[in-house]
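K.L.:
These protein sequence lines map, in sequence, to chains A and B.
Residue 323 in my numbering sits at position 323 of the first sequence; the count goes up by one each step and never skips.
Residue 1090 in my numbering sits at position 90 of the second sequence; the count goes up by one each step and never skips.
A virtual CB, placed ideally from N, CA and C, is assigned to each residue, including glycine.
This structure is a prediction, so every number in the text was calculated from the model and none was measured.
2 protein chains.
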Amino acid sequence: MREIKGGEQMSRANLITDVAGVLVGNAQDARIATGVSVALFEEPAVAAVSILGGAPANRDTNPQIDGTVEGIDAVVLSGGSGFGLDAAGGVLARLRELGRGFAIGPARVPIAPQAIVFDLLNGGDKDWGRFPPYLALGYEAAAQVSTRFSLGTAGAGYGATTVDLKGGLGSASAVTSRGHTVGALVVVNAIGSAIVGEGPHFWAAPYEVGDEFGGLGLPSDIAERARKLAWKGGAQPATTIALVATDAVLTRAQARRVAVQANDGLARALRITHAPMDGDTIYCAATGRLPLGEEPVAALTEIGSVAADTLARAIARGIYEATALPFENALPAWRDRFGGGVR
Amino acid sequence: MREIKGGEQMSRANLITDVAGVLVGNAQDARIATGVSVALFEEPAVAAVSILGGAPANRDTNPQIDGTVEGIDAVVLSGGSGFGLDAAGGVLARLRELGRGFAIGPARVPIAPQAIVFDLLNGGDKDWGRFPPYLALGYEAAAQVSTRFSLGTAGAGYGATTVDLKGGLGSASAVTSRGHTVGALVVVNAIGSAIVGEGPHFWAAPYEVGDEFGGLGLPSDIAERARKLAWKGGAQPATTIALVATDAVLTRAQARRVAVQANDGLARALRITHAPMDGDTIYCAATGRLPLGEEPVAALTEIGSVAADTLARAIARGIYEATALPFENALPAWRDRFGGGVR
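#1: Could you tell me the distance, in whole angstroms, from the CA atom of A/ASN263 to the CA atom of A/ALA269?
#2: Give me the Cα-Cα distance between A/GLY25 and A/ARG256, rounded to the nearest whole angstrom.
#3: In the DSSP assignment, what are the bridge partners of A/GLY71?
#4: Do the region 1138-1154 of chain B and the region 1210-1220 of chain B make contact, defined as three or more Cβ pairs closer than 8 Å?
#5: Step through the CB atoms of chain A and report whether any lies within less than 8 Å of the CB of B/TRP1231.
#6: Identify the contact partners of A/VAL384 in chain B, using a Cβ-Cβ distance below 7 Å as the criterion.
#7: Under the assumption that B/THR1287 contacts B/GLY1021 (Cβ atoms under 8 Å), give the Cβ distance between them as a whole number of angstroms.
#8: Pull up the CB-CB distance for A/ALA248 and A/LEU311, whole angstroms please, since I reckon it's below 8 Å.
#9: Considering just the uninterrupted stretch of the alpha helix (DSSP H) at B/TRP1334, what are its terminal residues?
#10: Round the Cβ separation of B/ILE1272 and B/TRP1231 to the nearest angstrom and send it over; I've been treating them as touching at under 8 Å.
#11: Can you tell me which of B/GLY1233, B/GLY1318 and B/ALA1088 puts its alpha carbon nearest to the alpha carbon of B/GLY1159?
#12: If you draw a straight line from the C-alpha of B/GLY1265 to the C-alpha of A/ARG108, how long is it?
#13: I'd like to know whether the C-beta of B/TYR1134 is nearer than 8 Å to at least one C-beta of chain A.
#14: Need the endpoints of the alpha helix (DSSP H) that B/TYR1320 sits in, please.
#15: Could you tell me whether the Cβ of A/GLY293 comes closer than 8 Å to any Cβ of chain B?
#16: Check each residue of the region 195-220 of chain A: if its Cβ is closer than 9 Å to any Cβ of chain B, include it; give the result in chain order.
#17: I'd like the list of long-range same chain contacts for A/ASP280, defined as Cβ closer than 8 Å, with 5 residues on each side in sequence excluded.
#18: Going by C-alpha distance, which of A/ALA333, A/GLY71, A/ALA103 and A/ALA87 is nearest A/THR347?
#19: Across which residues does DSSP place A/SER220 in a beta bridge pair?
#20: The beta strand (DSSP E) that contains B/VAL1175, what's its start and end?
#21: Taking a contact to mean a Cβ-Cβ separation below 8 Å, would you say A/ALA141 touches A/ALA27 in this structure?
#22: Buried or exposed for A/SER220, please, with buried defined as at least 16 other CB atoms from any protein chain shown within 10 angstroms of its CB.
#23: Would you say B/GLY1117 faces chain A, with C-beta separation under 8 Å as the test?
#24: Report the option in B/ARG1337, B/VAL1244, B/VAL1163 and B/GLY1234 whose CA atom is closest to the CA atom of B/ALA1039.
#25: Against chain A, which members of the region 1248-1260 of chain B pass a CB distance test of less than 7 Å?
#26: Of the choices B/GLU1294, B/ASN1062, B/GLU1302 and B/VAL1209, whose alpha-carbon is the least far from that of A/MET277?
#27: Taking 6 Å as the limit between beta carbons, can you name the residues of its chain near B/ARG1002, skipping five residues before and five after?
#28: Out of A/ILE104, A/GLY80, A/ILE72 and A/SER78, which has the shortest C-alpha to C-alpha gap to A/SER95?
#29: Would a check of beta-carbon distances place A/ALA226 closer than 8 Å to chain B?
#30: Counting only C-beta atoms, is B/ILE1272 closer than 8 Å to chain A at any point?
#31: Looking at A/ALA103 and A/ASP309, is the spacing between their C-beta atoms short of 8 Å?
#32: Which residues of chain B have a Cβ atom closer than 7 Å to the Cβ of A/ASP264, listed in chain order?
#33: Between B/GLY1054 and chain A, is the shortest Cβ-Cβ distance under 8 Å, so that the two count as touching?
#34: Does A/GLU302 come within less than 8 Å of chain B when only Cβ atoms are used?
#35: Could you pull the start and end residues of the alpha helix (DSSP H) that A/ASP29 belongs to?
#36: What does the Cβ neighbour count give for B/LEU1075, buried or exposed, with the cut at 16 atoms within 10 Å?
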């Protein structure tokens, strides 16, 4: 029996950029109410993906993730549904300027897998003319990557919603008992809810570190409130898309295991997820700074488990940090309904 | 926005056999401390599988589940690790006597996918001679299928363990708001724990119906206790394997969606799961008595969500109903540690 205190130690900024080699940039369009987030890796990262949603939309994901080229340069998360898949093109344009990409003779082709969320019915003006804004937004997000970035109504989370509250962009980080840093970046646009019943408690409360999303714990009548099974009506698509990253040295198969296990964070932070119209997609990227060590299976088990916890925390933070869109009938933010003074 | 009270109404016996067309039989060997559980479908059922563990072992699963033959006759869950995969052979022998199976001219080949758990280090006498007992146990379990069967230390759950308590065989059922019955059958042999910290509270408490596993709710200091990340040591395999069944008319793709979504029940009832040495495998079978109706996506979303809840409940019931194995140093049962008087 192995007993550790996993995920207890919060990293420096409690952002995915606490993982060495990961930078993040956001760009958004307030009128259209959408945006793009880019995670750029300082060196090509070993990556894998787990797509457990029933209605996913991705670009450059399966062929690249499972193909010959092992290192990826960036992961792109955006709004815009299928239209949003232009964003990776803007990221590639920026990576080309930086001289990044897989070398084929003197040519270089950057690798930037992408997932999207459906934010076409959030009140924004989607009458964008002939071409949607995502190519430009992708470039802009990639051009301003940094170790610091905004959460909540920002980047790809700008136009995101859940069934009952404004969604958003979330992030969190942790360090395992063996010293591997694990971080998560997530766009919370879930079909269901991140709060128990009518709120304010978050489903992710058991995994909260400090009071990073209010420190409210769980309600005593949770079994009664949990009976509520609410989701966006009809067959409206919804999605939670994420990147989990670690500084561990992982093979692609190990990264795939972490991506699969990280889905448990969705299950624990959201009711419901992985549904028929969800496009839930989780990337895992390993920046390869710290080997797994002498007990690789145990180290990997811990990284995967902490990745699930960290992603659950990032989901709650995305909701907690969000502000409402300035449109009539827009969904309220968590702080609008439950008060911002908690912080 | 759709709001329903899903999974609130418990079916008659709170067993997977509340789903019309599903029968279950158990067989076990006390000396070896192992067993087999069989779910037999009265008519061939549409089925699918979701294998999210990192170290699965299965028989007649992917080719049959994804192949040309759509109807399956039974699902077999057993102990014995790789040796246990003989059990499906015993089930086929029984199905052959019953005249069941896919017809190829006058020949009939029954279809019985199987998953196993690793129970080779539970204190039982694994010195079984040349051939292991699983062929005979599979036959015996299939020969005594019924609408009533034992939970806890029974069938494939006989030798099952978790990191801190005796594991077992669990089951539960529910009826959706649209009238579809959903049931779960699970062998809880998890790498981690079904209880929060040192217990006695179950992770599945938010989904409990009545006091089916003690009615204890969750502890108020859950965030503190949740920090514990404990699992079976070294690279020991562990696994939670399950069948979720419904009387809905589903296509194979729809059954696959329910199997994927049911994994959320593992994530919510166990800490941890889907780990590198887990063989976590979930089958879904649809007995096709009640069409999805005029809103098929919504009906399917509800069935998948209720399947996740029902599987979480079944996991807790499997632990709650277990009794300890009669060996020195055997893991205690939940009732041994926390009292049986709660019931």
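P.N.:
Considering the structure as presented:
#1: C-alpha separation (whole angstroms): 10 Å.
#2: If you draw a straight line from the Cα of A/GLY25 to the Cα of A/ARG256, it comes to about 24 Å.
#3: In the DSSP output, where bridge partners are listed per residue, A/GLY71 has A/VAL46.
#4: They do not touch, by the three-pair rule.
#5: Taking Cβ atoms only, chain A reaches closer than 8 Å to B/TRP1231, which makes this a yes.
#6: Only positions 1 to 343 of chain A appear in this structure, which leaves residue 384 of chain A out of reach.
#7: B/THR1287 to B/GLY1021, Cβ: 4 Å. Contact.
#8: With a Cβ gap of about 16 Å, A/ALA248 and A/LEU311 do not count as contacting.
#9: Membership of B/TRP1334 in the alpha helix (DSSP H) is indicated by the continuous run 1334-1338.
#10: Between B/ILE1272 and B/TRP1231 a beta carbon distance of about 6 Å is seen, short of the 8 Å cut, so the two are scored as contacting.
#11: Answer by Cα proximity: B/GLY1318.
#12: Going from the Cα of B/GLY1265 to the Cα of A/ARG108 covers about 44 Å.
#13: B/TYR1134 does not count as touching chain A.
#14: Counted as a single uninterrupted DSSP element, the alpha helix (DSSP H) harbouring B/TYR1320 occupies residues 1296-1320.
#15: Chain B, which has no Cβ nearer than 8 Å to the Cβ of A/GLY293, makes this no.
#16: In summary, the residues of the region 195-220 of chain A whose CB is separated from some CB of chain B by less than 9 Å are VAL196, TRP203, ALA205, PRO206, TYR207, GLU208, VAL209, GLY215, GLY217, LEU218 and SER220, in the order they occur in the chain.
#17: Hits under 8 Å: ILE51, LEU52, GLY53, PRO56, THR239, THR240, ILE241, ASN263, LEU266, THR273 and HIS274.
#18: With chain A covering only 1 through 343, there is no way to say anything about residue 347 of chain A.
#19: DSSP lists no partner for A/SER220.
#20: Element bounds for B/VAL1175: 1168-1175.
#21: Their beta carbons are under 8 Å apart, which means A/ALA141 touches A/ALA27 by this criterion.
#22: Exposed, because fewer than 16 other Cβ atoms sit within 10 Å of the Cβ of A/SER220.
#23: Here the sequence assigns Val to residue 1117 of chain B, which means Gly is not the residue at that position. Interface residue (Cβ-Cβ distance to chain A less than 8 Å): B/VAL1117 is not classified as such.
#24: Nearest option by C-alpha distance: B/VAL1244.
#25: When C-beta distances to chain A are compared with 7 Å, the residues of the region 1248-1260 of chain B below that value are ARG1257 and VAL1260, in chain order.
#26: Minimum Cα-Cα distance from A/MET277 among the listed residues B/GLU1294, B/ASN1062, B/GLU1302 and B/VAL1209 corresponds to B/GLU1302.
#27: Below a pLDDT of 50, predicted positions are generally treated as unreliable, and B/ARG1002, at 38, falls in that range; no measurement from the model is reported.
#28: Sequence check: residue 95 of chain A is Leu here, not Ser. Ranking the options by Cα distance to A/LEU95, first place goes to A/ILE72.
#29: Closer than 8 Å to some Cβ of chain B, the Cβ of A/ALA226 qualifies, so yes.
#30: It does: the Cβ of B/ILE1272 has a partner Cβ on chain A nearer than 8 Å.
#31: In this structure, the beta-carbon distance from A/ASP309 to A/ALA103 does not fall below 8 Å.
#32: By Cβ distance, chain B contributes ALA1267, THR1273 and HIS1274.
#33: Chain A has a Cβ within less than 8 Å of the Cβ of B/GLY1054.
#34: Closer than 8 Å to some Cβ of chain B, the Cβ of A/GLU302 qualifies, so yes.
#35: Element bounds for A/ASP29: not the alpha helix (DSSP H) but the beta strand (DSSP E), 22-29.
#36: Reading off the sequence, residue 1075 of chain B comes out as Val, not Leu. Classification of B/VAL1075: buried, given that the 10 Å Cβ count is 16 or more.
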